[in-house]
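Asks: When we follow this note's numbering, the leftmost residue of the sequence shown carries the number 1, and every step to the right adds one. Heads up, the beta-carbon is just placed ideally off N, CA and C, and yes, glycines get one too. Small disclaimer: the values here were computed from a predicted structure and weren't measured. I have a structure here, written as structure tokens, and I will follow up with some questions on it.
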Amino acid sequence: MFKTDLEIAQECVMEGIDTIAEKVGLSSEDLEHYGKYKAKIDLEVLRRNETKPDGKLILVTAINPTKAGEGKSTTTVGLGDALRRLGKNAMIALREPSLGPVFGLKGGAAGGGYAQVVPMEDINLHFTGDMHAITTANNLISACLDNHIHQGNELDIDIERVTWKRCLDMNDRALRQIEIGLGPKANGVERKDGFNITVASEIMAVLCLATSLEDLKARFAKMLVAYNTKGEPIYVRDLHIEGALAMIMKDAIKPNLIQTLEHGPVIMHGGPFANIAHGCNSVLATKMCLKLADYTVTEAGFGADLGAEKFLDIKCRFADLHPNAVVIVATIRALKQHGNVPFEELKEENVEAMLAGCANLAKHIETIQAFGLPYVVAINEFATDTQAEVEALQNWCQTHGHPMALSQVWAKGGEGGLDLAKIVVDLCEQPNSYHPLYDVQASVEAKIETIAKTCYGADGVEYTAEALEQLAQIKANGWDQMPVCMAKTPTSLSDQDKLYGAPKGFTITVREFRPSLGAGFIVALTGKVLTMPGLPKKPAALNMDIDEQGHIVGLF
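Written out as structure tokens, the structure reads:
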């Protein structure tokens, strides 16, 4: 009987956070302690190391996952531990989990098995309060906006064209579309509104792309919140609250230091979803790791069509980052799904279906090659994998000339990632020709078409009438010279949830545009992707409990 992730984490005898900090040259004075095992790192650390050369940057991405996820965070953690076992000064940079998936279906983002970060319960619940700060800042904008309208509407805001939504860090479909201000006049002006999940808030995107508190404040000021009755944009700066927002975020902007089960240093900071946002941990966290360590292992959400594309086209462009190697995580169960095996039958051996599903892996490899980066395929082993399936996948990789390693980090921790780590070290020594896929000065349509054809394999792009109208306004306001952040289903290369494998002969339909001016990109929503998820029929919350002694059960 396998132990649960939570049981494994609870057995870990953690080292004090000061001890973890010392491993990368930090002292207790550089930290703001949040108990014994987690702390925030003072931004002065980054300024102090400004002239120090960056270490190697390794991105972990994946194929299109099943609804349960394929262990990308697990691989990231295991690889970091494996590099340290090889004697390398390595750090890991991860995103913070959202409470929505924790109580829903997918689970948290702390890794799994013997490749986890701890304290696991804290990380997956309230951690250091960053999510709460983001939620509060987002909703302060909503409160001030509606108060301004109620108090006379000096800015002449058109209540039919308020673009800013409230947010909550929970999967709550009932809040997608709501009406506010109902009842007496004192309750405010009646209008339609809605909620995003916190990780889809532009506050989160801004936090993850800001380089300082002043930059954060400046980005807040540029965020679009509404239009006036003349059709002119209204920004946060028009409400004069960018200073208050920065004040709320004064602690949240500082990266969080934690540890792996093997006591390796980890910075976990920021957590935008990759299907509806840009899917990467903060620029500050990544840059801090690059200054403190010789190897930084980081991950970008979902498959290479989403997280990796945004990491390489948006984050690296903005932060002037140059990756050295990419790890593409593949699992036999996900490949079988891409070979059209139903989710309920993925535990059964099916070599033929798995090999058919390798078309999906091949497409993601093509995407990474298009960015000019060296890569290795990490076969993330599951207990249900059979020897025949593993050997068939290894043979497929060898036949097609793809570097490959079997990753057993879930079962063995860093020891199970040594083969992968050795390949990664070699890849990092190779020169590469990394470059973004598109010129940011190209038209919005050209940028989207490049992404759709190169990363998805689409024939082209179509736009709804609403999207075309929004695009015309984007161009009229001069907002079109920015990167594009695609919001798309993570389970398929297409914009259709269950179109598995590497489909051909399809088009991507953009149904809506949302300018994220503070973040510095245009969000293009496709298919049925939602910025406020819902809970499944049997949420994970049903299995969770805590006893009188504070002992948690059911949290994975």
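(1) Whose C-alpha, out of K40, N432 and G534, is nearest the C-alpha of V326?
(2) For N275, tell me which candidate among F2, G25 and V523 has the shortest Cα-Cα distance.
(3) Reducing DSSP to helix, strand and coil, say where C397 ends up.
(4) For V510, does the three-state DSSP call read helix, strand or coil?
(5) Note the first and the last residue of the continuous alpha helix (DSSP H) segment covering R317.
(6) For K36, count the other beta carbons within 10 Å of its own beta carbon; 16 or more makes it buried, fewer makes it exposed. Which is it?
(7) What is the residue span of the beta strand (DSSP E) that A115 lies within?
(8) So does the stretch 116-126 actually touch the stretch 233-253, counting three or more Cβ pairs closer than 8 Å?
(9) Thinking just about the alpha-carbon of each residue, which of F556, D547 and T491 is nearest to the one in V529?
(10) Please list the terminal residues of the continuous alpha helix (DSSP H) segment that includes S73.
(11) Starting from C428 and walking both ways along the beta strand (DSSP E), at which residues does that stretch end?
(12) Can you name the start and end residues of the alpha helix (DSSP H) that G270 belongs to?
(13) Helix, strand or coil: which one does DSSP assign to P101?
(14) Unbroken beta strand (DSSP E) runs of length 3 or more, entirely within the stretch 417-488: which are they?
(15) Return yes when the Cβ of A465 is within less than 8 Å of the Cβ of A458, no when it is not.
(16) Can you have a look at T69 and say buried or exposed, based on whether 16 or more other CB atoms are within 10 angstroms of its CB?
(17) Between the stretch 260-279 and the stretch 93-100, do three or more beta carbon pairs fall short of 8 Å?
(18) State the start and end residues of the unbroken beta strand (DSSP E) segment that holds N380.
(19) When the Cα of A186 is compared with those of E202, H150 and T51, which residue comes out closest?
(20) Output needed for A353: all residues of its chain with C-beta closer than 7 Å, excluding positions within five of it in sequence on either side, in chain order.
(21) With respect to the alpha helix (DSSP H) encompassing H148, which residues constitute its N-terminal and C-terminal limits?
(22) Give every residue of the same chain whose Cβ lies closer than 6 Å to the Cβ of K291, excluding the five residues on either side of it in the sequence, and list them in chain order.
(23) Who are the near neighbours of F2 in its chain, counting only those whose CB is closer than 8 Å to its CB and skipping five residues on each side?
(24) Spell out whether any CB of chain C is found under 8 Å from the CB atom of Y227.
(25) Quick check on DSSP: helix, strand or coil for F311?
(26) For L57, write down the residues that DSSP places opposite it in a beta bridge.
(27) Where does S212 land, buried or exposed, given buried means 16+ other C-beta within 10 angstroms?
(28) CB I20 to CB Q259, shorter than 8 Å?
(29) For a quick check, are the C-beta atoms of G307 and C280 less than 8 Å apart?
(30) Using the Cα positions of T4 and Q394, report the straight-line distance between them to the nearest angstrom.
(31) Compute the Euclidean distance between the alpha carbons of G520 and V440, then round it to the nearest angstrom.
(32) Once the 5 residues before and after Y438 are set aside, which same chain residues still bring their CB inside 6 Å of it?
(33) Ends of the beta strand (DSSP E) at H33?
(34) Which residues bound the beta strand (DSSP E) around C167?
(35) If you check the beta carbons only, do I157 and A226 fall under 8 Å apart?
Replies: With the structure as the only source:
(1) Looking at the Cα atoms, N432 is the closest of the given residues.
(2) For the set F2, G25 and V523, the Cα lying nearest the Cα of N275 is the one of V523.
(3) Helix at C397.
(4) Of the three classes helix, strand and coil, the one that applies to V510 here is strand, per DSSP.
(5) Counting along the chain, the alpha helix (DSSP H) containing R317 begins and ends at C316 to A319.
(6) Answer is exposed; the Cβ neighbour count stays below 16.
(7) Note, A115: beta strand (DSSP E), A115 to V118.
(8) By the C-beta criterion, the stretch 116-126 is judged not to be in contact with the stretch 233-253, since fewer than 3 inter-stretch pairs fall below 8 Å.
(9) The candidate whose alpha carbon is nearest that of V529 is T491.
(10) That run of the alpha helix (DSSP H) goes K72 to R85.
(11) Where C428 is concerned, there is no enclosing beta strand (DSSP E), although the alpha helix (DSSP H) around it starts and stops at L418 to C428.
(12) First-last for G270: undefined, no H or E at that position.
(13) In the structure shown, P101 sits in a helix (DSSP, three-state: H, G or I).
(14) Qualifying beta strand (DSSP E) stretches, in chain order: 460-463 and 484-487.
(15) Against a cut-off of 8 Å, the Cβ pair of A465 and A458 comes out as no contact.
(16) Strictly speaking, residue 69 in this sequence is Gly, with Thr absent from that position. The residue in question, G69, is buried, as its Cβ has 16 or more Cβ neighbours within 10 Å.
(17) The answer is yes - the stretch 93-100 touches the stretch 260-279, with three or more Cβ pairs under 8 Å.
(18) N380 -> beta strand (DSSP E) spans Y375 to N380.
(19) Comparing Cα-Cα distances from A186 to each of E202, H150 and T51, the minimum goes to H150.
(20) Only K336, G339, N340 and V341 meet the Cβ criterion.
(21) Annotation: the continuous alpha helix (DSSP H) that includes H148 extends over D130 to H150.
(22) Cβ-Cβ distances below 6 Å link K291 to N49 and K52 in the same chain, with the five nearest sequence neighbours on each side left out; the list follows chain order.
(23) Beyond the five residues adjoining it in sequence on each side, F2 comes within less than 8 Å, by CB distance, of A383 in the same chain, given in chain order.
(24) Reference to chain C is not applicable here, since this structure consists of a single protein chain.
(25) It is helical.
(26) According to DSSP, which records beta bridges pairwise, L57 is partnered with T296.
(27) It counts as exposed.
(28) If you check the CB distance, I20 and Q259 come in under 8 Å.
(29) For G307 and C280, yes; Cβs fall inside 8 Å.
(30) Whole-angstrom Cα-Cα distance: 28 Å.
(31) Taking the straight line from one Cα to the other gives about 11 Å.
(32) Around Y438: K447 and T450.
(33) Its beta strand (DSSP E) spans residues L31 to H33.
(34) Looking at the DSSP string, the run of the beta strand (DSSP E) that includes C167 is R166 to L168.
(35) In contact: I157 and A226 (Cβ atoms closer than 8 Å).
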